[in-house]
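Residue numbers (numbering that gives the first Met the number 0), protein chains in the order written: chain A, 0 to 271; chain B, 0 to 271.
Protein chains: 2
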Amino acid sequence: MGRLLPKIRPCVVALLLSVPACSPAPRPPAAPPHRLTQVSVIDALMVGRYDGVMPIGELLRHGDFGLGTLDHLDGELIVLDGKAYQVRGDGVVEDVPAGRSTPFAAVTTFAADGERDCPKADRLEELEARLNEALPQKNHFVAVRIDGRFDSLTMRSVPRQEPPYRPLDEVAKGQSVWTKADQEGTLVGLRSPAWAGGLNVPGYHWHFLSRDRRTGGHVLDCKVRDGRVRHDVCGEWSVLLEPAGAFDEADLVKDRSKELHRVESSRGDGKD
Amino acid sequence: MGRLLPKIRPCVVALLLSVPACSPAPRPPAAPPHRLTQVSVIDALMVGRYDGVMPIGELLRHGDFGLGTLDHLDGELIVLDGKAYQVRGDGVVEDVPAGRSTPFAAVTTFAADGERDCPKADRLEELEARLNEALPQKNHFVAVRIDGRFDSLTMRSVPRQEPPYRPLDEVAKGQSVWTKADQEGTLVGLRSPAWAGGLNVPGYHWHFLSRDRRTGGHVLDCKVRDGRVRHDVCGEWSVLLEPAGAFDEADLVKDRSKELHRVESSRGDGKD
Numbered sequence: 000m001g002r003l004l005p006k007i008r009p010c011v012v013a014l015l016l017s018v019p020a021c022s023p024a025p026r027p028p029a030a031p032p033h034r035l036t037q038v039s040v041i042d043a044l045m046v047g048r049y050d051g052v053m054p055i056g057e058l059l060r061h062g063d064f065g066l067g068t069l070d071h072l073d074g075e076l077i078v079l080d081g082k083a084y085q086v087r088g089d090g091v092v093e094d095v096p097a098g099r100s101t102p103f104a105a106v107t108t109f110a111a112d113g114e115r116d117c118p119k120a121d122r123l124e125e126l127e128a129r130l131n132e133a134l135p136q137k138n139h140f141v142a143v144r145i146d147g148r149f150d151s152l153t154m155r156s157v158p159r160q161e162p163p164y165r166p167l168d169e170v171a172k173g174q175s176v177w178t179k180a181d182q183e184g185t186l187v188g189l190r191s192p193a194w195a196g197g198l199n200v201p202g203y204h205w206h207f208l209s210r211d212r213r214t215g216g217h218v219l220d221c222k223v224r225d226g227r228v229r230h231d232v233c234g235e236w237s238v239l240l241e242p243a244g245a246f247d248e249a250d251l252v253k254d255r256s257k258e259l260h261r262v263e264s265s266r267g268d269g270k271d
Numbered sequence: 000m001g002r003l004l005p006k007i008r009p010c011v012v013a014l015l016l017s018v019p020a021c022s023p024a025p026r027p028p029a030a031p032p033h034r035l036t037q038v039s040v041i042d043a044l045m046v047g048r049y050d051g052v053m054p055i056g057e058l059l060r061h062g063d064f065g066l067g068t069l070d071h072l073d074g075e076l077i078v079l080d081g082k083a084y085q086v087r088g089d090g091v092v093e094d095v096p097a098g099r100s101t102p103f104a105a106v107t108t109f110a111a112d113g114e115r116d117c118p119k120a121d122r123l124e125e126l127e128a129r130l131n132e133a134l135p136q137k138n139h140f141v142a143v144r145i146d147g148r149f150d151s152l153t154m155r156s157v158p159r160q161e162p163p164y165r166p167l168d169e170v171a172k173g174q175s176v177w178t179k180a181d182q183e184g185t186l187v188g189l190r191s192p193a194w195a196g197g198l199n200v201p202g203y204h205w206h207f208l209s210r211d212r213r214t215g216g217h218v219l220d221c222k223v224r225d226g227r228v229r230h231d232v233c234g235e236w237s238v239l240l241e242p243a244g245a246f247d248e249a250d251l252v253k254d255r256s257k258e259l260h261r262v263e264s265s266r267g268d269g270k271d
């Protein structure tokens, strides 16, 4: 068990330094490495809880690497090198404005526990099988970063929703899917243990961001030419819940694993 | 989502205050309220992972209220008012020595979100039904503290195990069960949401510690005369995992809910 550094609250620090509480606080250091922090649970998203519950600025204090979505299910969220990017429903990548928030995301302060060359792979499931051989920590969360070149990438994003929200597997039927050839960029991945089913996406969850930060999306398939894999095993998992209230009315017990698999892996109606 | 205070590491504080790193650090303040921190997941205990993975001293930095067990499954662990108590297999309560550790525990810094008189109840399930009416936060973790008087309490504890460890539902068959009349003391309770099944004990989990700290145990049933209920809704849930290795060989996917219910609620073979 990695020893966790005890924390001191900033208000205490401010007091010790006699800095008035209204002074701009120095930017706090990143969260402890090896802690994966997730906002809400995936089944809350499945039942249509798309309103943002954490500001993006606050999310970035919990980690510099990760993925999720934005309020109103407004596209795919990618956090890379401490910066948040939105892949809009039309596939365009934008910086996330300060005022946005997220209903579901998972981030960590990426600190590589190991790295290796990325195997060449013709399909995403082939890549995942090879990674499973290299990363046997099946009961841990593992953040995986692959900077590489790709012969092709099939991606999707989801269109912004307005209340009353429909369940995610209905919304995903209207997703945009597109394939891009000859890409260079980063796969931002998280492998969650099977025991976290219902709370996060079990197995691999991949978002792609191109090197020029202009294209990306939720990855449905890819053909890897070459690249470098870095991984970070997370031995601490923090789940931040919505305030008590409407959240407690959601049915988070029903098994939605089949619907989730469909949402995360299928090409939907296949239209571009 | 309750805003989480950003954390500053003590080493940074020490630097700011120009305190040499070797000086004895002041005792860090407690973990943020409303964070429930658990060591490992309940299904790891179910499959016999009884070796301690976190020192008790470290556990107490994560909270002053909670429950669990000790290394070697050596009885019931109770954390109350910042102090750790062991209920041995024979029902005797002892302070936990500094050298001990825990394979499974859940603690929080108890800060009451509300309090009320404890309803009179002839059975534990009657008490729980009344608490469910009063505490509708069904998708949150809720720590519950009841200081009261009890006409009777039926409790159990488990005997220390030696490797190779047997699964918990086998060990629990050899538990000691006893009933005490006319008790005054504290019920230390945690209600976990149903969606946390497999990771913590879904529903209520109660340990009792007498006012004189001489008797206690895992509560199987009780008859409440009167008392005061305080509860603390936890909107942040942290799971601290064992290091990668043997932990990743455990099958934490199989549904063990029936075995768990038997372990947590049944009087076993009924012997005292």
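Where a beta carbon is used, it is the ideal one built from N, C-alpha and C, also for glycine.
How would you list, in chain order, the residues of chain A whose beta-carbon sits under 7 Å from the beta-carbon of residue i?
i	result
B/His-139	Leu-240, Ala-243, Asp-247
B/His-232	Residue identity check: residue 232 of chain B is Val in the sequence provided, not His. What B/Val-232 touches in chain A: Ala-243.
So, for residue i: in the same chain, excluding its five sequence neighbours on each side, which residues have a beta-carbon less than 8 Å away from its beta-carbon?
i	result
A/Pro-166	Met-45, Val-46, Gly-47, Glu-258
B/Ser-256	Gly-196, Gly-197, Pro-201
A/Pro-192	Lys-137, Asn-138, His-139, Phe-140, Pro-201
A/His-260	none
B/Arg-227	Glu-114, Arg-115, Asp-116, Cys-117, Ile-145, Asp-146, Gly-147
B/Asp-94	Lys-82, Ala-83, Tyr-84, Gln-85
Tell me the DSSP secondary structure of residue i in three-state form.
i	result
A/Asp-181	strand
A/Ser-151	strand
A/Leu-251	coil
B/Val-106	strand
A/Leu-44	helix
B/Ser-265	coil
A/Leu-167	helix
A/Asp-70	helix
B/Gly-197	coil
A/Glu-125	helix
A/His-230	strand
B/Arg-34	strand
A/Ser-237	strand
A/Arg-212	coil
B/Leu-134	coil
A/Ala-97	coil
B/Ala-20	Confidence at B/Ala-20 is low in this model, with a pLDDT of 32, below 50, so its placement is unreliable and the value that follows should be read with caution. Here B/Ala-20 sits in coil by DSSP.
A/Glu-161	coil
A/Lys-172	helix
A/His-61	coil
B/Ser-156	strand
B/Ser-191	strand
I want to verify the contact list: residues of chain B whose CB lies under 9 Å from the CB of residue i, in sequence order.
i	result
A/Asp-42	Trp-194
A/Gly-90	Chain B residues near A/Gly-90: none, gap ~29 Å exceeds 9 Å.
A/Gly-67	Within chain B, no residue comes near A/Gly-67; the closest Cβ sits about 13 Å away, beyond 9 Å.
If you drop the 5 nearest sequence neighbours on each side, which residues of the same chain put their C-beta closer than 7 Å to that of residue i?
i	result
B/Val-262	Leu-167, Asp-168, Ala-171
B/Lys-119	Val-223, Arg-224, Asp-225
B/Arg-212	Tyr-84, Val-92
B/Pro-158	Gly-88, Gly-173
A/Asp-121	Lys-222
A/His-217	Glu-75, Met-154, Arg-155, Ser-156, His-206
A/Asp-50	Asp-70, Pro-102
A/Arg-210	Glu-183, Gly-184
B/Trp-236	Leu-35, Phe-140
I want to verify the contact list: residues of chain B whose CB lies under 8 Å from the CB of residue i, in sequence order.
i	result
A/Leu-251	Asn-138, Pro-192, Ala-193, Trp-194
A/Glu-235	Ser-237, Val-238, Leu-239, Leu-240
A/Thr-197	A quick correction: the sequence has Gly, not Thr, at residue 197 of chain A. Ordered by position in chain B, the residues that pass the 8 Å Cβ test against A/Gly-197 are Trp-194.
Which whole-angstrom value describes the C-beta separation of residue i and residue j, a residue pair presumed to lie in contact below a C-beta threshold of 8 Å?
i	j	result
B/His-204	B/Leu-186	Between B/Leu-186 and B/His-204 the Cβ distance is about 11 Å, and since that is not below 8 Å, they are no contact.
B/Leu-208	B/Gly-184	6 Å
B/Asp-73	B/Asp-231	So it is not a contact: roughly 28 Å between Cβ atoms.
A/Gly-215	A/Val-86	5 Å
A/Leu-123	A/Asp-220	5 Å
B/Ala-30	B/His-61	5 Å
What does residue i reach in chain A if we use C-beta pairs closer than 9 Å?
i	result
B/Gly-286	Since the displayed chain B opens at 0 and closes at 271, residue 286 of chain B lies outside it and no answer follows.
How would you list, in chain order, the residues of chain E whose beta-carbon sits under 7 Å from the beta-carbon of residue i?
i	result
A/Pro-135	The structure shown contains no chain E; its protein chains are A and B.
Using C-beta distances below 6 Å, list every residue in its chain close to residue i, excluding the 5 sequence neighbours before and after it, in chain order.
i	result
A/Arg-144	Arg-229
B/Asp-42	Gly-197, Leu-251, Arg-255
B/Gly-81	Asp-63
B/Pro-32	Thr-108, Ala-110
Sufficient close CB pairs (3 or more, under 8 Å) joining the segment 145-162 of chain A to the segment 238-249 of chain A: no
Cβ contact check for the segment 191-207 of chain B and the segment 35-42 of chain B: 3 or more pairs under 8 Å: yes
Per the contact definition of three or more C-beta pairs closer than 8 Å, is the segment 95-104 of chain B in contact with the segment 60-79 of chain B? Between the segment 60-79 of chain B and the segment 95-104 of chain B there are three or more C-beta pairs closer than 8 Å, enough to call the two in contact.
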